[in-house]
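Written below as structure tokens is the structure these notes are about.
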Amino acid sequence: PTRVLTGITTSGTPHLGNYVGAIRPAVAASRGQGVESFYFLADYHALIKVQDPARVQRSTLEIAASWLACGLDPDTVWFYRQSDVPEVQELTWLLTCVAGKGILNRAHAYKAAVDKNREAGEDDDAGITAGLFMYPVLMAADILIFNADKVPVGRDQIQHIEMARDFGQRFNHLYGEHFALPEAAIEENVATLPGLDGRKMSKSYDNTIPLFAPREQLRKLIFSIVTDSTPPGEPKATEGSALFQLYQAFASGAETAAMRDAFQAGIGWGDAKQQLFERIDQEIAPLRERYEALVADPAGIEQVLREGAARLRATYAVPLLARLREAVGLRDLS
Ligand code: TYM
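The opening residue of the sequence shown carries number 9 in the UniProt record's numbering; numbering runs sequentially from there.
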């Protein structure tokens with residue numbers, strides 16, 4: 009079967025970008041024929057950004073409940089918390105030793121941090137942890153450990169998947185064909201969902217719409233999306249409109265075409281926002297109800313996660329690491 013794998017970092021409350029970029033396509037993919045899916049909570053990754061244990065734990069619960077509310081079936085999908093599979097760490101080291109440092113120098117997140125330091129007149133690496141620098145290697149281990157073929161992600165993650173291919177290829181070249189080489193799977197119409205201010209929706213920009221915001225808060229947030237000052241009655245540009253892009257991510261092709269016509273015909277921003285709110289709420293409302301029940305039962309979620317990881321380790325991770333240890337010349341632990 010085709011192996012589909014993706015993760016979400018447990019650094020905050022899941023938002024609509026996570027939903028359209030990762031959760032929705034991944035749950036749909038998991039229902040296909042001939043597919044084996046691996047979906048996880050990237051809590052080792054969270055430590056790169058968040059040094060607040062309570063926040064990591066709360067986020068883990070919220071993101072787990074979100075996956076389940078959106079229809080992930082833990083009986084047919086491998087569903088787990090990254091840190092419950094410590095073999096990921098061991099593989100990270102094996103990959104670290106074949107990963108080119110020059111490739112990591114070019115990683116977007118690291119480069120952005122360096123650029124910020126330069127603008128501020130600081131040393132290049134001021135305040136940057138080795139964890140941020142190594143982030144792509146940890147992510148490569150996530151993907152390669154289960155031999156994923158397809159990785160559904162938003163566009164911001166493509167570079168990391170290319171790096172995973174590169175590290176996997178190098179390892180295979182040195183030690184034999186141990187890894188499948190993964191490909192990113194991108195939803196074309198929603199590759200990057202904009203946030204309230206029109207930039208990419210992201211926890212780091214503080215412009216997110218929480219996936220399960222209560223209905224009234226959802227309405228308020230949608231009405232706060234920035235628009236230009238074109239008055240009602242005048243044609244509005246769909247190009248570059250966050251409102252239009254959000255609508256497109258939730259609407260059918262026919263609905264999107266109708267909204268495009270409405271923009272052309274000069275729909276007022278208030279009307280357009282109301283339609284967007286209704287469209288999103290229609291899709292999310294039934295999921296929100298399930299979410300509320302799930303998030304109120306942390307013990308139930310904990311059990312699902314632990315069982316998932318225990319089976320997954322025994323089935324794949326432990327035997328793979330035994331083979332890899334032997335391949336590189338380390339002692340057999342069994
Ligand atoms: P993270 O937690 O930042 O985001 C999780 C997923 O949501 C997608 N996403 C978006 N998609 C569209 N529009 C947006 N505005 C938007 N914001 C976020 C991301 O592309 C991602 O698919 N490093 C990863 C987590 C990770 C991972 C992995 C993913 C760790 N290991 C292995 C895949 C495979 C991250 O920080 O995603």
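A virtual CB, placed ideally from N, CA and C, is assigned to each residue, including glycine.
| query | result |
| --- | --- |
| Contained beta strand (DSSP E) runs [length at least 3] in the segment 99-160, N- to C-terminal order | 158-160 |
| Beta-carbon separation (whole angstroms), Leu-254 vs Pro-202, contact threshold 8 Å | 7 Å |
| Every unbroken beta strand (DSSP E) within the segment 151-223, with a cutoff of 3 residues, ordered by chain | 158-160, 191-193 |
| Among Pro-243, Tyr-52, Thr-137, Ser-45, the one whose alpha carbon lies nearest that of Lys-158 | Ser-45 |
| Under the three-state DSSP convention, the category Ala-50 falls into | strand |
| Boundaries of the beta strand (DSSP E) in which Arg-39 is found, first to last residue | Per DSSP, Arg-39 belongs to no beta strand (DSSP E) and is neither H nor E. |
| Those residues which DSSP pairs with Leu-13 across a bridge | Phe-46 |
| Backbone secondary structure at Arg-339 - three-state DSSP | coil |
| For Phe-87, the residue or residues it bridges with in DSSP | Tyr-47 |
| Cβ separation of Pro-190 and Ile-151, assumed to be a contact under 8 Å, to the nearest whole Å | 5 Å |
| Beta-carbon contacts of Ala-117 that lie in its chain and below 8 Å, excluding the five residues immediately before and after | Leu-140, Tyr-143 |
| Unbroken alpha helix (DSSP H) run spanning residue 3, endpoints | The shown model of the chain, from 9 to 342, leaves out residue 3, and the question about it has no answer. |
| Enclosing alpha helix (DSSP H) for Glu-310 [first to last residue] | 306-320 |
| Residue 7 classed as buried or exposed, judged by whether at least 16 other C-beta atoms fall within 10 angstroms | An answer regarding residue 7 cannot be provided, because it is not within the stretch 9 to 342 covered by the chain. |
| Contacts around Ala-156, its chain only, beta-carbon distance under 6 Å, and the 5 residues preceding and following it disregarded | Arg-11, Leu-13, Pro-190 |
| Rounded straight-line distance, which links the Cα of Leu-182 to that of Ala-330 | 17 Å |
| Gly-25: CB within 7 Å of a non-hydrogen atom of the ligand TYM | yes |
| Contact check, Val-312 vs Phe-87, beta carbons under 8 Å | yes |
| Sufficient close CB pairs (3 or more, under 8 Å) joining the segment 19-39 to the segment 73-88 | yes |
| The segment 291-301 in contact with the segment 49-66 per 3-pair CB rule at 8 Å | no |
| Nearest candidate by alpha-carbon position, reference Arg-287, set Gln-256, Ala-37, Phe-179 | Gln-256 |
| 8 Å Cβ shell around Tyr-213 - same chain, five flanking residues per side excluded | Gly-203, Asp-205, Arg-207 |
| Beta-carbon spacing of Asp-51, Thr-68 below 8 Å | yes |
| Burial state of Leu-341 (16 or more Cβ within 10 Å) | exposed |
| Residue environment, Phe-231, which counts as buried when at least 16 other CB atoms sit within 10 Å | exposed |
| Where Leu-338 falls, given that 16 or more other Cβ within 10 Å makes a residue buried | exposed |
| Pairwise C-alpha distance: Ala-266 and Ala-293 | 23 Å |
| For His-168 and Ala-115, the rounded distance between their alpha carbons | 8 Å |
| Between the CA atoms of Val-234 and Pro-82 - distance to the nearest angstrom | 39 Å |
| Of the listed residues Phe-285, His-186, Gly-278, nearest to Glu-224 (C-alpha basis) | Phe-285 |
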